[in-house]
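J.: Have a look at the structure that comes next, please.
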Amino acid sequence: MLTTYIEKSQALILQAKNFDAAIKMARFFGELLWKNNLGLYHLTSLEIALVEKYAYLFDIDFKIEKRGTYLHLLTKAYETGGHTRIVERLINSDALHSSSVLVTESVDPIASKKLSSAKHGCTRLEKQGNSQLKIQALIHELAQCQVAILHLHPHDIETIIAVAIAKKNFNIRVLLYNHADHVFSFGHGVADKILELSHFGWALRHKRETENKSTFTGIPLTLPKKSTDSKIPDSDAYIASAGSAYKFKPGQGYSFPNFVASLIEKIQLPFILIGADPWSSPWWWSIFFQEKFKTKPRLQFAKKMSHEKYVRYLSNASAYVDSFPMTGGTAFPEILSLGVPCFGVLTGAHGYTPADRLKSENMQKLSDDLSHFLATQERPGINLDEVMEQVYQAHDTERVAARVAIAANTKELEEKTLWDNPAVIDTQFYEKIWRNQKLFSMPVHTFPNIFLLRLFISYWLRRNNAT
């Protein structure tokens with residue numbers, strides 16, 4: 057059923073009336089696959105077919121002037137967000153100092169200023185009239201580098217086509233930093249190497265058919281001087297968590313709202329949640345309205361804030377709880393490195409940091425472990441010094457950048473992960489969540505194509521009827 061749906065959709069795209077129409081359709085299709093986890097994680101065949109059909113449209117006869125070794129490409133750069141923060145750290149490392157940054161669509165002014173610290177600067181691709189002009193401009197930029205490192209939105213097929221043509225004609229090497237390692241993404245076919253950052257992505261290599269080019273590099277963090285000092289609760293103490301609303305949406309038997317409701321009945325400290333809007337997230341409504349009208353509500357919501365303010369705020373928390381069902385990713389080890397006691401749940405979708413050793417087996421155990429710590433300041437069975445040493449080995453920016461440089465300049469692959477995983481990875485975790493949803497997710501970055509949407513709805517209805 058899935059294979060037939062993919063083949064029909066791909067055929068529609070390749071039969072488009074012109075190149076620009078084909079690209080618009082491919083972007084929409086890519087975002088459908090990104091936002092709806094069908095169990096498909098790459099579509100190399102479509103990437104190859106589009107390049108083979110339309111490569112003749114592009115000029116490759118122009119003067120090349122190499123401008124540094126590494127070109128980091130982002131689809132969009134935000135003030136907050138993992139892609140931007142990772143690039144910011146890598147470009148300021150010793151190993152990748154000869155870097156420039158190119159943003160293909162939009163960049164926040166604050167992000168632009170930070171990314172401009174790259175030795176060869178940061179530029180945003182000027183808005184072009186159509187996909188052909190945009191890809192031509194991208195090819196010209198790519199031809200000037202030696203190594204392209206991709207930090208793209210999963211649906212960014214335009215940049216992938218440009219990279220494929222530049223790679224063939226200008227002998228550049230291509231690394232795909234696998235930010236979106238739990239969802240579908242274009243780019244796995246064109247990359248020379250896939251830079252893996254987690255046990256979860258590592259476990260999905262076979263589904264992406266990248267076992268022969270995946271290398272483990274990890275996530276770079278700006279880590280302070282090592283500290284394992286625990287925070288002592290005071291009169292202004294609070295428990296905190298942070299993340300976008302979707303990271304807390306209940307699924308697969310995990311409910312963060314239920315966990316919080318249970319926890320605040322046992323402890324005296326307020327629980328502050330940063331970044332999740334309760335008004336647009338129905339899963340928070342019950343506890344939100346229960347607490348809202350109390351004199352001293354124990355659950356409080358705070359709006360998204362700049363990264364610097366966010367770090368300052370969380371560094372003063374008495375404890376931090378990682379989001380679930382979807383992990384907060386880099387937030388967990390980053391906050392831990394500030395000396396804040398960190399807690400979470402091993403859901404099966406973890407594996408992004410050695411700090412996972414601090415997480416609990418289930419929600420009840422998490423509640424018990426956190427309550428015990430707040431009462432005693434003790435964490436039985438945990439060697440925090442050992443965990444922190446592994447965090448620095450895995451996440452220190454210079455170490456990660458050195459692994460990226462090795463991936464770029466040798467045939468060597470880091471064929472094992474950098475730390476032992478404390479619990480089994482469930483590679484179908486997000487597929488199961490999607491299958492249990494009542495509605496599918498519509499793309500928000502691309503304009504809908506009625507023919508592709510009709511095919512998708514037909515597939516979705518048949519799948520639901522079959523289950």
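Sequential numbering from 57 applies to the sequence shown in our numbering. Virtual Cβ for every residue (Gly too), placed ideally from N, Cα, C. It should be emphasised that the depicted structure is a prediction, and the values quoted were computed from it without experimental measurement.
1. Can you tell me the Cβ-Cβ gap for E81 and L68, rounded? I've got them flagged as a contact below 8 Å.
2. Between the stretch 239 to 255 and the stretch 419 to 435, can you find at least three pairs of beta-carbon atoms closer than 8 Å?
3. What number of angstroms, rounded off, separates the C-alpha of F512 from the C-alpha of Y97?
4. Closest to V396 by C-alpha separation, out of T403, H406, L414, would be which residue?
5. Opposite Y310 in the DSSP bridges: which residues?
6. Between F344 and the rest of its own chain, which residues show a CB-CB distance below 8 Å, the 5 nearest in sequence each way excluded?
7. Between which two residues does the beta strand (DSSP E) holding A375 run?
8. What alpha helix (DSSP H) runs, 4 residues minimum, are completely inside the stretch 198 to 253?
9. Unbroken alpha helix (DSSP H) runs of length 4 or more, entirely within the stretch 450 to 486: which are they?
10. Here's a check: name, in chain order, each residue in its chain whose Cβ is nearer than 8 Å to the Cβ of Y302, leaving out the five neighbours to either side.
11. Tell me the rounded alpha-carbon separation between R435 and I221.
12. Rounded to whole angstroms, what is the Cα-Cα separation between L99 and A298?
13. Helix, strand or coil for T432? Go by DSSP, reduced to three states.
14. State whether the stretch 191 to 201 contacts the stretch 125 to 145, with contact taken as three or more CB pairs (one from each stretch) at a distance under 8 Å.
15. Take D117 as the anchor and find which of F226, G86, S173 has the nearest alpha-carbon.
16. Is it buried or exposed for E63, if we count other Cβ within 10 angstroms and need 16 for buried?
17. CA-CA distance, P504 and H211?
18. According to DSSP, which residues form a beta bridge with R180?
19. With a threshold of 7 Å on Cβ separation, who are the neighbours of A111 within its own chain once the five nearest residues in sequence on each side are excluded?
20. The beta strand (DSSP E) spanning I330 covers which residue range?
21. Is D290 helix, strand or coil by DSSP?
22. What three-state label does DSSP hand Y126 in the structure shown?
23. With distances taken Cα to Cα, identify the nearest neighbour of Q71 among A105, T59, T60.
24. If we ignore side chains and look at the alpha-carbon of each, how far apart do A259 and F349 end up?
25. Measure from the alpha carbon of S393 to the alpha carbon of each residue in L508, I213, S371, then state which is nearest.
T.: Short version:
1. According to the sequence as given, residue 81 is Met; it is not Glu. About 7 Å separates the two Cβ atoms, so the contact holds.
2. Using a Cβ-Cβ distance cut-off of 8 Å, the stretch 419 to 435 and the stretch 239 to 255 are not in contact, since fewer than three pairs of beta carbons, one from each stretch, lie closer than that value.
3. F512 and Y97 have their C-alpha atoms roughly 16 Å apart.
4. The option with the nearest alpha carbon to V396 is L414.
5. Beta-bridge pairing links Y310 to G307.
6. For F344, the CB contacts under 8 Å within the same chain, skipping 5 residues up- and downstream, are P334, L355, F357 in chain order.
7. It spans 375 to 377 - the beta strand (DSSP E) in which A375 sits, taken as one unbroken run.
8. The qualifying runs are 213 to 226.
9. As summarised for the stretch 450 to 486, the continuous alpha helix (DSSP H) elements at least 4 residues long and confined to that stretch are 453 to 465, given in chain order.
10. So the list reads M382, once near-sequence residues are dropped.
11. Pairing R435 with I221, the inter-Cα distance amounts to about 54 Å.
12. Using only the alpha carbons, I get a separation of about 33 Å.
13. For T432, the three-state secondary structure derived from DSSP is helix.
14. Using a C-beta cut-off of 8 Å, the stretch 191 to 201 makes contact with the stretch 125 to 145, since at least three inter-stretch Cβ pairs fall below that distance.
15. Nearest C-alpha to D117: F226.
16. Looking at its Cβ environment, which holds fewer than 16 other Cβ atoms inside 10 Å, E63 is exposed.
17. Their backbone Cα atoms lie some 13 Å apart in a straight line.
18. DSSP lists V159 as partners of R180.
19. Answer for A111: I221, listed in chain order.
20. Counting along the chain, the beta strand (DSSP E) containing I330 begins and ends at 327 to 330.
21. Legend: pLDDT at D290 = 49, less than 50; position of this residue unreliable, no value from coordinates given.
22. Y126 falls in the strand class under three-state DSSP.
23. Here the closest residue by C-alpha is A105.
24. Each residue's Cα considered, the two are about 46 Å apart.
25. Closest by alpha carbon: S371.
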